[in-house]
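Counted the way this note's numbering counts, the sequence shown spans residues 16 to 334.
Idealized CB from N, CA, C, for every residue including glycine.
Shown next, in structure tokens, is the structure this report addresses.
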Amino acid sequence: MDLGHRRVLLAVTAIVLVVGASAAYVTSVVRDTSPVAVTSVGGDLMFVALADGRARVEQVSLADPGARGTTPMTCQRVYRAGGTTVCLKLAGPGPTYAAEVSRDGAVAHRVPLPGVPSRAKVSASGQVVTWTSFVTGDSYAVPGGFSTRTGYLDLRTGAAVESLEGFAAVVEGKPHTAQDVNYWGLTVAADDRTFYATLASGGYTWLVKGDLVARRLESLRRDAECPSLSPDGTKVAYKKRIGRLGPWELAVLDLKTGEERRLPGTAGVDDQATWLDDGRLAFAAVPKDAKLASIHVVPADGSSSAVPIIPDAASPSPV
């Protein structure tokens with residue numbers, strides 16, 4: 016698929032997100048304009064409920080996913096780790112968006128986002144919060160097209176970095192200075208400096224590994240998107256196309272051996288997967304004959320197919 020076609024697809028996806036977010040804004044803007052402290056309601060999986068269009072955050076126990084508990088949050092994307100919760104949400108007219116960061120139950124930071132929320136993660140320590148947004152206006156984009164902006168907040172210093180685009184990039188052994196670079200799906204390791212992300216340029220995507228302190232990154236392999244690092248730091252899950260024009264499915268890369276394993280039952284996924292533990296992944300995908308996404312769980316070793324466990328839900332996060 017050439018670069019123009021890929022950008023058109025990205026534009027269509029982003030437009031759908033904008034329309035949906037704008038509709039949700041009408042019913043939830045009053046609630047969303049005020050920070051809301053995060054409270055625990057029990058359960059071990061948090062997610063965004065989709066059925067009523069209000070993007071309410073709920074929780075369930077994986078042992079009984081049919082019994083949902085409510086929270087006071089409304090988010091387009093949510094994630095929690097190490098006592099820190101990030102909620103990517105509507106923030107005001109326009110619409111505008113923000114990353115609202117809560118620490119130990121109290122709102123600590125509110126960072127404006129440049130566009131429609133897409134991805135969010137928190138490092139295991141809770142100290143580094145990451146996000147990706149769809150944005151418009153880049154000079155290299157096709158008319159009406161969208162690109163992405165990926166940034167992060169370091170809670171140790173309070174410093175927010177708007178974009179990885181200022182990092183030095185090495186792709187397939189050579190410095191990469193193209194103007195059409197996009198990043199998304201930032202995931203940070205336990206040391207709070209090593210990271211993995213997607214770099215897109217020239218119609219291709221790469222899994223990249225980088226250093227937040229040195230502000231540099233290098234490619235590891237082509238055709239991998241939305242990486243998610245396992246809790247033990249030994250594996251990276253990402254979505255990968257079946258053929259050049261086929262749907263995405265999840266794959267897991269062993270960082271020590273270089274072995275890549277495709278996960279059955281994940282075809283059609285368009286999400287940054289979440290590790291529930293070192294052996295299981297959760298992700299959102301739209302089941303056949305459904306209109307809204309469901310949260311699925313799949314073994315990371317590929318031993319069995321993905322199983323939907325929560326209907327009309329997205330953005331799974333362990334609690």
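Got a sec? Which residues, its chain only, sit under 6 Å from residue i by beta carbon, not counting five neighbours each side?
| i | result |
| --- | --- |
| Lys-136 | Tyr-94, Thr-145 and Thr-202 |
| Val-185 | Glu-233 |
| Pro-333 | Leu-291 |
Leaving out the 5 sequence neighbours to the left and right, which residues in its chain are closer than 7 Å to residue i when beta-carbon positions are compared?
| i | result |
| --- | --- |
| Ala-64 | Arg-71, Glu-73, Asp-327 and Ala-328 |
| Gly-166 | Trp-146, Ala-175, Val-176, Glu-177 and Ser-178 |
| Asp-207 | Ser-138, Ser-140, Gln-142 and Val-143 |
If we call anything under 8 Å between Cβ atoms a contact, is residue i one with residue j?
| i | j | result |
| --- | --- | --- |
| Trp-263 | Lys-254 | yes |
| Pro-246 | Trp-290 | yes |
| Glu-180 | Tyr-198 | yes |
| Ser-134 | Arg-92 | Correcting the residue identity first, residue 134 is Arg in this sequence and not Ser. Cβ atoms of Arg-134 and Arg-92: closer than 8 Å. |
| Gly-339 | Leu-278 | Within the shown structure, residues of the chain are numbered from 16 to 334, placing residue 339 beyond reach of any answer. |
| Lys-250 | Ala-204 | no |
| Ala-113 | Ala-106 | yes |
Going by CA-CA distance only, name the one from the options that's closest to residue i.
| i | options | result |
| --- | --- | --- |
| Ala-215 | Cys-90, Thr-163, Met-61 and Gly-68 | Thr-163 |
| Thr-99 | Asp-169, Ala-252, Tyr-219 and Ser-318 | Asp-169 |
| Glu-274 | Ala-266, Gly-280 and Thr-281 | Ala-266 |
| Gly-173 | Lys-104, Ala-123, Ala-66 and Ala-113 | Ala-123 |
| Glu-187 | Trp-221, Gly-141, Gly-120 and Ser-330 | Trp-221 |
| Arg-83 | Leu-60, Gly-130 and Gly-120 | Leu-60 |
| Leu-268 | Ala-229, Asp-238 and Val-131 | Asp-238 |
| Gly-217 | Gly-130, Val-196 and Gly-283 | Val-196 |
Roughly how many angstroms separate the alpha carbons of residue i and residue j, rounded to a whole number?
| i | j | result |
| --- | --- | --- |
| Ala-297 | Arg-259 | 25 Å |
| Val-223 | Ala-252 | 13 Å |
| Thr-111 | Pro-127 | 8 Å |
| Gly-81 | Phe-62 | 13 Å |
| Phe-149 | Asp-285 | 15 Å |
| Pro-302 | Val-312 | 13 Å |
| Ser-309 | Tyr-211 | 26 Å |
| Thr-192 | Arg-236 | 18 Å |
| Thr-209 | Leu-244 | 10 Å |
| Gly-294 | Ser-319 | 12 Å |
| Asp-67 | Leu-307 | 11 Å |
| Pro-331 | Ser-76 | 12 Å |
| Val-56 | Lys-189 | Its pLDDT being 43, under 50, Val-56 is placed unreliably in this model, and the coordinates cannot settle the point. |
| Ala-183 | Arg-231 | 4 Å |
| Lys-104 | Arg-69 | 11 Å |
| Ala-321 | Gly-280 | 5 Å |
Based on the DSSP secondary-structure assignment, which residues constitute the bridge partners of residue i?
| i | result |
| --- | --- |
| Arg-164 | Ser-148 |
| Ile-257 | DSSP lists no partner for Ile-257. |
| Lys-224 | Tyr-211 and Glu-233 |
| Ser-216 | Tyr-219 |
| Cys-102 | Val-93 and Glu-115 |
| Lys-136 | Thr-145 |
Counting only the same chain and skipping the five closest in sequence on each side, list residues whose C-beta sits under 8 Å from that of residue i.
| i | result |
| --- | --- |
| Val-241 | The amino acid at residue 241 is misidentified as Val; the sequence shows Cys. The residues are Arg-134, Trp-199, Gly-200, Thr-213, Tyr-253, Lys-254, Asp-286, Gln-287 and Ala-288. |
| Gly-109 | none |
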